[in-house]
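Chemist:
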């Protein structure tokens, strides 16, 4: 089935570009758009619409439950509108710039949200944050735009790590590595046993390789440099970036050669079947695992390369923002307050099968050993980054995909690849 | 020798049709596997499980009933309206000496040569201006608008070749223009209308692009975006999606079987003109 995917993705990708075009044209079009009186314009006491990209059955059911709960509380009414996540991604700019947009949206925190905020498309939700005093500072910073107001309300986050099967590690007689040297030694051991040590899935899902780039960069150069690089304040052809790839080359011989051909979902299958040793991936991959394998999963943190660099981890944060044009800001904020509360977050974590950590520090995460370990790892981190596209933009992601896939194929051409990457990134930053 | 050739022909054709049917069979088989089976052994492996629960999941959780109704609500009026309008336009353009008729026809055809992608944003903004955004009316209007040029072109070619004497005879018998159109031209154009009807049904039914451009509420979505909606953000239940695809294919297959004959003639419609 995945064979059909690339065409659709590429096709939707074009749609996405078209959508971005809509943003550019919006200032011109808003003049005519605002003159159209929306026929379904809800009055200030009307139902709040929440546009959701959580289309997987469990997550969708969880959201339906939350909205139903909210509606029984008498603080307003809300209706849920679930759109296929791929469609949502490409249509979001259109939704936000339309004359009569939906009120709330599920989306990502950080630079993606800030980008919309800088176009005055997002509602100031500082009021909601007044009741979120106990949220960690890192989440507050992540939800604040350039002008200092909060525009995002986080729901949950998750982590990335090297996942493996406990039973397989026991069978092979190997331990979790702590440092890069340990890690390479582990790879060598696995390889000598005839197992491709590092699984990856780049066919159809080339963005998975960005996790390697992100992690190597925050381990070698640190999170601040990484953020600046992704914001266009540093150059991809910098020697510091090249150092990342020099490290990566040490691990490259241990990658599963088949990983270029299949998507990460099949790489998950390969890992579970013991055809690869370990797999650097986000916790969402567990949704692609059969239920009986879940208890056997464990992970370790991306190995430390330079102990002097403050520890940073990737923790993509999901949540909500509201349209600046909402007809019912009070209702939208009431719903946001409810969604950021302990009760809603616990209900969501319980109902959705995914391994996620609630954003509210008082809400209890699932008490499975895996989640406890993941939470401890994030708590220990000095800095949190999210993921390549979330810390930059969806427009920069393809430049990374091209560069990284090329590097994995032809590591000795790294200088040319980085030059091209810088050129591609400059085009994106110029808009 | 002759026997050998027939045998060779049949073996070759059987292999060829298997090649064509292979993906279809694969999807049907996948729709009967359980999620854990696919997750443990991959989408390409032989089935180790059997379940029909996937169809229930696609039907109820995926909201396919609602989506199929929406699809029909869009497809049937769109086909009827666009063919009706195209037939009228083709009649006028092919049978009357309207000034600039060639230009009008070429303009309609030229519109078809534009890639629809470049019109996504204008269409979306325009449907907002007219207040039709996020209604099935918008989708019907778009489908009619984009089909009209091509259908008119095809029907124009067909009607132009009908003998002029029939029309003259009807005029002598006292028939007005409207009567000639409904009682003489339309019955004679039936083969072309049937072929175009079958083709446009599948085109409109299978369209995804316009549906996601002018609609944003899940209750309004026709079947194609609903199928897309079965995919998760990262991980998809391929078995449920396969089951949903099988269900979604039923109406088009039914139309195809019913109008099979016209499909083939429809493909040849433009060929001899």
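Chains as they are written, first to last, in the numbering used here: chain U, 1 to 431; chain S, 1001 to 1273. Backbone N, C-alpha and C fix where the C-beta goes; we use that ideal spot for every residue, glycine too. These figures come from a predicted structure and were not determined experimentally.
Is the beta carbon of residue 1027 (chain S) less than 8 Å from the beta carbon of residue 1245 (chain S)?
Modeler: Walking along the second chain from the start, residue 1027 (chain S) turns up at place 27. Walking along the second chain from the start, residue 1245 (chain S) turns up at place 245. Yes; because the gap between Cβ atoms is below 8 Å, this pair is in contact.
Chemist: In the DSSP assignment, find the alpha helix (DSSP H) that holds residue 1300 (chain S) and state where it starts and stops.
Modeler: No information on residue 1300 (chain S) is available, as it lies outside the stretch 1001 to 1273 that chain S covers here.
Chemist: Between residue 287 (chain U) and chain S, is there a C-beta pair that is closer than 8 Å?
Modeler: Position 287 of the first chain, counting from 1, holds the residue named residue 287 (chain U). Chain S contact via Cβ: present.
Chemist: Identify each residue in the stretch 255-272 of chain U for which the Cβ-Cβ distance to at least one residue of chain S is less than 9 Å, and report them in chain order.
Modeler: 262, 264, 265, 266, 268, 269, 270 and 272
Chemist: Any beta carbon from chain U within less than 8 Å of residue 1053 (chain S)'s own beta carbon?
Modeler: On the second chain, position 53 is the one that residue 1053 (chain S) refers to. Not one chain U Cβ lies under 8 Å of residue 1053 (chain S).
Chemist: Please determine if the stretch 185-200 of chain U and the stretch 409-416 of chain U are in contact, where contact requires at least 3 C-beta pairs separated by less than 8 Å.
Modeler: no
Chemist: Using a beta-carbon distance below 8 Å, is residue 968 (chain S) in contact with chain U?
Modeler: Since the first residue shown for chain S is 1001 and the last is 1273, residue 968 (chain S) is missing from the structure and cannot be characterised.
Chemist: When you compare the stretch 1049-1069 of chain S with the stretch 1121-1135 of chain S, are there three or more beta-carbon pairs, one atom per stretch, that lie closer than 8 Å?
Modeler: no
Chemist: Give me whichever residues DSSP pairs with residue 161 (chain U) in a beta bridge.
Modeler: Here the question's residue 161 (chain U) lines up with position 161 in the first chain. Looking at the DSSP assignment, residue 161 (chain U) forms a beta bridge with U:281.
Chemist: With which residues is residue 358 (chain U) paired in a DSSP beta bridge?
Modeler: Stepping through the first chain from its first residue, residue 358 (chain U) is reached at position 358. Answer is U:156, bridged to residue 358 (chain U).
Chemist: Which residues, in order along the stretch 282-313 of chain U, keep a beta-carbon less than 9 Å from a beta-carbon of chain S?
Modeler: 282, 284, 285, 286, 287, 288, 289, 290, 291, 292 and 293
Chemist: Taking the alpha-carbon of residue 142 (chain U) as reference, which of U:108, U:415, U:297 and U:394 has the nearest alpha-carbon?
Modeler: Numbered from 1 along the first chain, position 142 holds the residue referred to as residue 142 (chain U). Residue 142 (chain U) has its Cα closest to that of U:108, out of U:108, U:415, U:297 and U:394.
Chemist: Could you check which residue in S:1088, S:1144 and S:1178 has the C-alpha nearest to that of residue 1079 (chain S)?
Modeler: Translated into positions along the second chain, residue 1079 (chain S) becomes position 79. Answer by Cα proximity: S:1144.
Chemist: For residue 248 (chain U), verify whether its CB is less than 7 Å away from any heavy atom of the ligand SAH.
Modeler: As for the ligand SAH, it is missing from this structure, which has no ligand bound.
Chemist: Could you give the DSSP three-state label for residue 19 (chain U): helix, strand or coil?
Modeler: The residue labelled residue 19 (chain U) in the question sits at position 19 within the first chain. Note that residue 19 (chain U) has pLDDT 41, beneath the 50 cutoff, so the model's placement of it is unreliable and the number below is only indicative. Helix at residue 19 (chain U).
Chemist: Let me check one thing: in DSSP terms, what residues is residue 80 (chain U) bridge-paired to?
Modeler: Translated into positions along the first chain, residue 80 (chain U) becomes position 80. Paired residue(s): U:50.
Chemist: In this structure, does DSSP put residue 143 (chain U) in helix, strand or coil?
Modeler: Translated into positions along the first chain, residue 143 (chain U) becomes position 143. DSSP places residue 143 (chain U) in the coil class of the three-state scheme, outside both helix and strand.
Chemist: List the DSSP bridge partners of residue 345 (chain U).
Modeler: What you label residue 345 (chain U) is simply residue 345 of the first chain in a count that begins at 1. For residue 345 (chain U), which the question treats as bridged, DSSP gives no partner whatsoever.
Chemist: Taking only the alpha-carbon atoms, compute the straight-line gap between residue 88 (chain U) and residue 1100 (chain S) and give it to the nearest angstrom.
Modeler: Translated into positions along the first chain, residue 88 (chain U) becomes position 88. Translated into positions along the second chain, residue 1100 (chain S) becomes position 100. One Cα belongs to residue 88 (chain U), the other to residue 1100 (chain S), and the distance between them is close to 45 Å.
Chemist: For residue 430 (chain U), tell me which candidate among U:231, U:110 and U:326 has the shortest Cα-Cα distance.
Modeler: What you label residue 430 (chain U) is simply residue 430 of the first chain in a count that begins at 1. That would be U:231, whose Cα lies nearest to the Cα of residue 430 (chain U).
Chemist: Across the stretch 235-251 of chain U and the stretch 220-227 of chain U, are there enough close Cβ pairs to call them in contact, namely three or more that are closer than 8 Å?
Modeler: yes
Chemist: If we ignore side chains and look at the alpha-carbon of each, how far apart do residue 422 (chain U) and residue 234 (chain U) end up?
Modeler: As a first step, residue 422 (chain U) must be located in the first chain, where it is residue number 422. As a first step, residue 234 (chain U) must be located in the first chain, where it is residue number 234. Spanning the two alpha carbons is a distance of roughly 10 Å.
Chemist: From the DSSP output, in three-state form, read off residue 384 (chain U) for me.
Modeler: The count along the first chain starts at 1 and reaches residue 384 (chain U) at position 384. Residue 384 (chain U) falls in the strand class under three-state DSSP.
Chemist: Taking residue 1061 (chain S) as the query, report the chain U residues whose CB atoms sit under 9 Å from its CB, ordered along the chain.
Modeler: Stepping through the second chain from its first residue, residue 1061 (chain S) is reached at position 61. Going along chain U in sequence order, the residues near residue 1061 (chain S) (Cβ under 9 Å) are 57, 60 and 61.
Chemist: Give the list of continuous alpha helix (DSSP H) stretches no shorter than 4 residues that lie fully inside the stretch 194-280 of chain U.
Modeler: The stretch 194-280 of chain U contains these whole alpha helix (DSSP H) runs: 209-220, 223-230, 239-251 and 264-272.
Chemist: Quick one: which chain U residues come within Cβ less than 8 Å of residue 1143 (chain S)?
Modeler: Indexing the second chain from 1 puts residue 1143 (chain S) at position 143. Against chain U, the beta carbon of residue 1143 (chain S) has no neighbour under 8 Å; the closest one sits roughly 18 Å away.
Chemist: Give a yes or no on whether the C-beta atoms belonging to residue 1196 (chain S) and residue 1154 (chain S) are separated by under 8 Å.
Modeler: Taking the second chain and counting its residues from 1, one reaches residue 1196 (chain S) at position 196. Taking the second chain and counting its residues from 1, one reaches residue 1154 (chain S) at position 154. Cβ atoms of residue 1196 (chain S) and residue 1154 (chain S): closer than 8 Å.
Chemist: Determine, using beta carbons only, whether residue 1216 (chain S) comes closer than 8 Å to chain U.
Modeler: If you number the second chain from 1, residue 1216 (chain S) lands on position 216. Using a Cβ-Cβ cut-off of 8 Å, residue 1216 (chain S) counts as an interface residue toward chain U, since at least one Cβ of chain U sits closer than that to its own.
Chemist: With a threshold of 8 Å between beta carbons, is residue 66 (chain U) in contact with chain S?
Modeler: What you label residue 66 (chain U) is simply residue 66 of the first chain in a count that begins at 1. Nearest CB-CB separation between residue 66 (chain U) and chain S: not below the 8 Å threshold.
Chemist: Would you identify the three-state DSSP class for residue 1034 (chain S), choosing helix, strand or coil?
Modeler: In the second chain, residue 1034 (chain S) corresponds to position 34, counting from 1. Reduced to three states, the DSSP call for residue 1034 (chain S) is coil.
Chemist: Within the same chain, show all residues whose beta-carbon is closer than 8 Å to that of residue 1206 (chain S), passing over the 5 residues directly before and after it, in chain order.
Modeler: The count along the second chain starts at 1 and reaches residue 1206 (chain S) at position 206. 1224 and 1252, listed in sequence order.
Chemist: Is residue 1068 (chain S) close to chain U? Criterion is C-beta to C-beta, closer than 8 Å.
Modeler: Within the second chain, residue 1068 (chain S) is the residue found at index 68, counting from 1. No, its Cβ sits nowhere closer than 8 Å to a Cβ of chain U.
Chemist: Looking at residue 403 (chain U) and residue 388 (chain U), is the spacing between their C-beta atoms short of 8 Å?
Modeler: Residue 388 (chain U) sits at position 388 when you count from the first residue of the first chain. Residue 403 (chain U) sits at position 403 when you count from the first residue of the first chain. Their beta carbons are not under 8 Å apart, which means residue 388 (chain U) does not touch residue 403 (chain U) by this criterion.
Chemist: Just the C-alpha distance for residue 1193 (chain S) and residue 1083 (chain S), rounded to the nearest angstrom, thanks.
Modeler: Looking up residue 1193 (chain S) in the second chain gives position 193. Looking up residue 1083 (chain S) in the second chain gives position 83. A direct Cα-to-Cα measurement between residue 1193 (chain S) and residue 1083 (chain S) gives close to 7 Å.
Chemist: Are the C-beta of residue 1179 (chain S) and some C-beta of chain U separated by less than 8 Å?
Modeler: What you label residue 1179 (chain S) is simply residue 179 of the second chain in a count that begins at 1. Not one chain U Cβ lies under 8 Å of residue 1179 (chain S).
Chemist: Between the Cα of residue 154 (chain U) and those of U:315, U:310 and U:92, spot the shortest distance and give me the residue it belongs to.
Modeler: Reading the first chain from its first residue, position 154 is the one you call residue 154 (chain U). Cα-wise, what sits closest to residue 154 (chain U) is U:315.
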